[in-house]
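For the record, in the first sequence the residue sitting at position 50 is 97 according to my numbering, with numbers rising by one throughout.
To start, the structure itself, in C-alpha cells.
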Amino acid sequence: MNIDSMIKAEVAAALKGLYQTEFSEDKVQTQLTRKEFEGDLTVVVFPFARFSKKGPEQTAAEIGDYLVEKVDNIVRYNVLKGFLNIVIAPEYWVKTLNAAFENKAFGYQEVTENSKLAMVEYSSPNTNKPLHLGHIRNNLLGYSVAQILKANGCKVVKTNIVNDRGIHICKSMYAWQADGGTETPETTGKKGDHLVGDYYVRFDKMYKAQVAELIEGGMSKEDAEQKAPCMIGTREMLLKWEANDPEVRSLWAKMNGWVYDGFDITYKRLGVDFDKIYYESETYLVGRDEVLRGLEEGLFYKREDGSVWANMKQDGLDEKILLRSDGTSVYMTQDIGTAKLRFEDYKIDQMIYVVGNEQIYHFQVLSILLDKLGYNWGKDLYHFSYGMVELPHGKMKSREGTVVDADDLVDGMIEVARKTSEELGKLDGYSDKEKEEIYRKIALGALKYFILKVDPKKTMLFNPEESIDFNGNTGPFILYTYARIQSVLRKAKSQGIQWNDISQAVSPIGKEIELIKKISSFSEVVAESSKTYSPAIIANYAYDLVKEFNQFYHDFTILGEANLAQKQFRLRLAETTAQVINNAMNLLGIECPERM
RNA sequence: GCACCCUUAGCUCAAUUGGAUAGAGCAACGGCCUUCUAAGCCGUAGGUUAUGGGUUCGAUCCCCGUAGGGUGUACCA
C-alpha cells in the first residue's frame with residue numbers, strides 16, 4: 048500500500064474520530080507538496096472545516112497530530128492556510144526507489160488471461176494517395192493509445208480499415224490506363240503509393256482541363272462536370288468493379304498492391320503496426336446485408352426512390368442515408384459491416400476508433416445505429432477524436448500542393464538529425480550502420496514527441512521550417528538525457544562500481560528526494576493517460592522527469608567526490624530514471640538510443 | 001440556422017481535472033565548456049488566462065451570456 052492511499056484512509060479515520068463524520072477516503076484530496084514549502088505530500092483540509100466547525104488552520108493541525116501519531120513514516124507536518132503539508136521519512140522514499148529499480152516494467156500492469164480486450168482502429172487510409180502529416184498524427188496517436196492500454200493491463204488488438212474501393216481508386220486506375228498503362232514502381236523507381244497518388248493528381252488535372260474545354264464549348268458548369276469523358280470513364284470502371292469485371296478487378300488488385308507495398312514501408316519507418324487489417328471491399332456487403340435486415344425489422348425505412356434511411360430524430364440527430372437509391376452502400380454502411388465482422392472475430396470489450404474530429408457526428412450516428420441493430424457494444428464504442436494539423440498558411444490542401452508527405456517528412460527529419468549529429472561530432476568512431484540507426488531514432492523521437500505532446504483534441508500547428516527543433520522541450524532533449532545517463536552508467540561499470548547491491552544505508556536529501564517522488568508518480572500518470580486516452584500526459588510527464596533529473600544532476604556529482612554508498616545510491620537513482628524515461632517513451636512509440 | 005470543439009506570454013504548448021505566487025520551450029538579452037555528453041545549465045524580460053456575469057473558503061478548469069476561430073450538418077469517402 049503506498050503512502051498516499053494510507054494517508055487518505057487515515058484522514059478519513061481522523062475525521063470520524065475527531066468530528067464524528069463519515070467521509071469517503073477517495074474524496075480526500077492530496078497532492079505533491081509544492082517545492083517552495085516544506086513537505087512531501089499535502090492534504091487539502093478546506094473541505095473539512097465545516098465538520099470541525101473550526102478554522103482551517105486549527106482543523107489541519109488536529110488532523111496533522113493524528114496522522115503523525117498513527118502513520119509510520121510521517122515525521123512531522125506544517126500548516127499553511129488550509130494546506131496540511133506532511134513530511135515523509137526519507138527511508139520511505141528509498142524503499143520506493145528500490146521497488147522501482149527492481150521492476151523493469153515499472154509503471155506497467157500485467158496483462159493476464161482475464162484482461163479486458165480493447166480493439167484500437169487507427170490509420171484507415173484511402174488507397175489512392177500516400178500518407179501525409181494528418182495520417183501521421185492519427186498513426187502516432189493510435190499506436191500510442193494501444194501501448195498505453197497495454198500498460199494498463201488490457202489485451203489490445205490494433206486494427207486498420209483500408210478504404211480500398213470506390214471512386215477515388217478508380218480515378219487513379221483510369222489515369223494510369225489513359226497514360227498507356229505501362230508505368231510501374233519498378234520501371235519508375237517510385238514508391239507504389241506515390242506512383243498511384245501521382246496518377247490521382249494527373250486525373251484531377253485531366254478532369255479540370257476537360258471540364259474547362261466543355262464549358263468553353265458552351266456547356267454549363269454542372270453539365271460539364273458530369274459529362275467530362277474521364278469522369279464518365281471512371282464511373283463505368285466503378286460499375287464494372289461492382290459487377291466483378293475480371294479486367295477491372297485485376298487492375299484494381301495490381302494498383303492496390305503497389306500502394307500496400309508503399310504503405311508497409313511508411314508504417315515500418317513510423318514504427319507502427321497492426322494485428323488485423325480489414326478491407327472495405329470485404330466489409331461493405333456485410334454492412335449492406337445488415338442494413339437490409341434492419342429494414343425488414345422496421346428499424347429503417349425506404350423512400351420512394353429506393354434509398355434506405357434511418358430516422359434518428361428521437362435521439363436528437365437528423366435522418367441519415369444508409370443505402371443509395373441504386374442499392375449501393377455509403378461510408379456508414381461499410382462501417383456497420385466492419386464492426387459486425389470485428390465483433391465476430393474477437394471478443395471485444397471495448398472498441399476505440401482513432402479518427403479525426405470532423406467525424407464526430409458520424410460516430411454518434413454509428414453508435415446509435417449499432418445499438419438499434421441489436422449490438423449491445425454499440426453504445427459503448429469510443430470515438431477518440433483528435434484535432435487536425437494545420438500549416439502556417441492554413442489547412443493542408445492536396446490541390447494546392449501544401450500537403451506534407453509522410454515519407455518526405457521522415458526523410459527530412461533524419462537528414463536534420465544526421466547534420467546536427469555530425470556537427471557535434473559525438474558519434475565519431477561508430478560505424479555508419481550504428482550511426483544511421485541512431486539518427487533514425489533521434490529523428491523519429493523528435494517527430495513523435497512533437498506531435499504527441501500536444502493535447503490530442505486540440506488543433507495543432509505544424510511549421511515545416513521551424514516546428515521540429517532539437518533543443519528545449521523536444522524528443523531529442525529527452526533522449527539526450529537518457530543517453531547521458533547511460534554514459535554515466537557505462538563509466539561506473541568500467542570503474543568496477545556495483546550499484547545493484549547497495550550495502551550501506553543512505554539518507555537522500557533535497558533534489559534526490561524530489562527526483563524519487565517524480566519517478567514514483569509514473570504509475571499514476573500511466574493510469575491517468577488511459578482514462579483520458581491522452582499520450583500528451585505521458586509526454587509532458589517525461590519532460591518533467593527529465594527536468595527534474597537535470598536539477599539533480601546539476602546539484603550532485605554521481606561519480607565525483609562522493610563516498611561509495613552515495614555513488615551507489617545515485618547510480619541507482621540515475622538508472623531508475625533512465626528506466627522510467629524508457630518506459631514512458633515506449634508508450635509513445637519512441638526508442639531511446641544508448642548514446643547520441 | 002442548428003450542433004460540437006477551440007481561445008493561456010510575441011510564437012508553439014503545459015498546468016497532476018476545483019487548490020497555494022498560472023509554468024516550459026522557441027525568439028530577445030546576460031553569464032557558464034580544464035570537472036560524469038554544452039542536443040546542456042544558470043539568470044533577465046515577457047500574463048487582467050478572449051470578454052462580461054454567476055456558483056464557493058478558492059475558478060485557466062464548472063454554469064450562463066458575448067466576441068473571434070474551427071469542424072460538422074451530402075445519394076463524397
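The C-beta atom is built at its ideal place from N, Cα and C for all residues, glycine as well.
Computed from a predicted structure; not experimentally measured.
query: Taking C-alpha atoms, which residue in Leu438, Asp382, Pro232 lies nearest to Leu242?; result: Pro232
query: Between which two residues does the alpha helix (DSSP H) carrying Phe148 extend?; result: 137-149
query: Does the separation of the CB atoms of Thr106 and Thr89 fall below 9 Å?; result: no
query: For Asn210, which residues in the same chain have their Cβ closer than 6 Å to its Cβ, ignoring the five residues on either side in sequence?; result: Asn173, Glu327
query: What three-state label does DSSP hand Tyr169 in the structure shown?; result: coil
query: Report the partner residues of Asp452 according to the DSSP bridge assignment.; result: His179
query: Judging by CA-CA distance, which residue of Ser570, Pro640, Arg619, Ala275 is the nearest neighbour of Gly200?; result: Ser570
query: If you count every other CB in all the chains shown that lies within 10 Å of the CB of Gln615, and 16 or more means buried, which is it?; result: buried
query: Between the C-alpha atoms of Asp591 and Ile584, what's the straight-line distance to the nearest angstrom?; result: 11 Å
query: In the DSSP output, what is Met398 paired with across the bridge?; result: Met166
query: Quick check: the Cα distance between Ala108 and Glu559, rounded to an integer number of angstroms?; result: 28 Å
query: Judging by CA-CA distance, which residue of Leu127, Leu620, Ser541, Ser376 is the nearest neighbour of Ser554?; result: Leu620
query: I need the straight-line Cα distance from Val627 to Leu369, nearest angstrom please.; result: 49 Å
query: Alpha carbon to alpha carbon, what distance is there between Leu285 and Cys277?; result: 12 Å
query: Mind checking Gly557: buried by the 16 CB within 10 Å criterion, or exposed?; result: exposed
query: Between Arg487 and the rest of its own chain, which residues show a CB-CB distance below 7 Å, the 5 nearest in sequence each way excluded?; result: Ile461
query: Taking the Cβ atom as the reference point for each residue, do Lys500 and Gly434 lie within a distance shorter than 9 Å?; result: no
query: To the nearest whole angstrom, what separates the beta carbons of Val333 and Leu417, a pair I think is in contact under 8 Å?; result: The Cβ separation is near 13 Å, so there is no contact.
query: For Asn404, tell me which candidate among Val450, Asn150, Glu157, Asn185 has the shortest Cα-Cα distance.; result: Asn185
query: Can you pull the DSSP bridge partners for Ser376?; result: Leu370
query: For Lys117, which residues in the same chain have their Cβ closer than 6 Å to its Cβ, ignoring the five residues on either side in sequence?; result: Glu57
query: Is it the case that the region 245-252 contacts the region 207-224, given that we only count it when at least three CB pairs across the two stretches are under 8 Å?; result: yes
query: Using the Cα positions of Leu164 and Tyr314, report the straight-line distance between them to the nearest angstrom.; result: 24 Å
query: By alpha-carbon positions, which one of Ser534, Ser170, Leu438 ends up nearest to Glu513?; result: Leu438
query: For Phe431, which three-state DSSP category applies?; result: strand
query: Within 10 angstroms of the Cβ of Tyr529, are there 16 or more other Cβ atoms? Answer buried if so, exposed if not.; result: buried
query: Just confirm the distance between the C-beta atoms of Phe93 and Gly129, as a whole number of angstroms; I'd bet it's less than 8 Å.; result: 4 Å
query: Considering only the alpha carbon of each residue, which of Val91, Tyr113, Glu160, Gly441 lies closest to Asn132?; result: Val91
query: Based on DSSP bridge pairs, tell me the residues matched to Tyr393.; result: Per DSSP, none; premise fails for Tyr393.
query: Decide if the region 480-498 is in contact with the region 454-468; the criterion is three or more beta carbon pairs, one per stretch, under 8 Å apart.; result: yes
query: If you follow the alpha helix (DSSP H) that Lys323 is part of, which residue opens it and which one closes it?; result: Element bounds for Lys323: not the alpha helix (DSSP H) but the beta strand (DSSP E), 323-326.
query: To which residues of the same chain is Phe596 closer than 7 Å at the C-beta, ignoring the five residues directly before and after it?; result: Thr528, Leu562, Thr624
query: Which runs of the beta strand (DSSP E) spanning at least 3 residues fall entirely within the region 184-226, listed in chain order?; result: 202-209
query: Check the DSSP bridge columns for Leu131 and list the partner residues they point to.; result: Val90, Val126
query: Going by DSSP, what residue range makes up the alpha helix (DSSP H) through Gln598?; result: 582-602
query: Along the chain, where does the alpha helix (DSSP H) containing Asn303 start, and where does it finish?; result: 293-317
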